[in-house]
Amino acid sequence: MSHLQSYDKNMVSIGALVKAYDVAWKRRINSDYEIQFLVPMASEDYREKIILKGHIKDERGQYYVINSRS
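Numbering follows numbering that gives the first Met the number 0, with no gaps: position 14 of the sequence shown is 13.
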């Protein structure tokens, strides 16, 4: 799998989330897709690249808003 890309709230690229794993997509009826993934909390990816209200782009080119880091 290719890496997830991280963007800030203005869609400026921050970098690739190279330590992301267990990526899963789900969609509820009449709702948008959601993406869930795990990143080690001690990694640079977690501390610097996952910004609330920023965006994540998956390998399909779909963008997702980051609403929480929990």
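Using N, Cα and C, we set each Cβ at its ideal position, and we do this for glycine too.
With a threshold of 6 angstroms on Cβ separation, who are the neighbours of Arg-26 within its own chain once the five nearest residues in sequence on each side are excluded? Translated into the one-based positions of the sequence shown, residue 26 becomes position 27. So the list reads Tyr-32, once near-sequence residues are dropped.
Around the C-beta of Ile-28, are 16 or more other C-beta atoms found within 10 angstroms, so that it is buried, or is it exposed? Counting from one through the sequence shown, the residue named residue 28 turns up at place 29. It counts as exposed.
From the DSSP output, in three-state form, read off Glu-58 for me. As a first step, residue 58 must be located in the sequence shown, where it is residue number 59. The DSSP-derived three-state label of Glu-58 is coil.
How should Val-17 be labelled, buried or exposed, when 16 other C-beta atoms within 10 angstroms of its C-beta is the threshold for buried? The residue labelled residue 17 in the question sits at position 18 within the sequence shown. By the 16-neighbour rule on beta-carbons within 10 angstroms, Val-17 is exposed.
Quick check on Leu-51: buried or exposed, where buried means 16 or more other Cβ atoms within 10 Å of its Cβ? One-based indexing of the sequence shown puts residue 51 at position 52. Exposed, because fewer than 16 other Cβ atoms sit within 10 Å of the Cβ of Leu-51.
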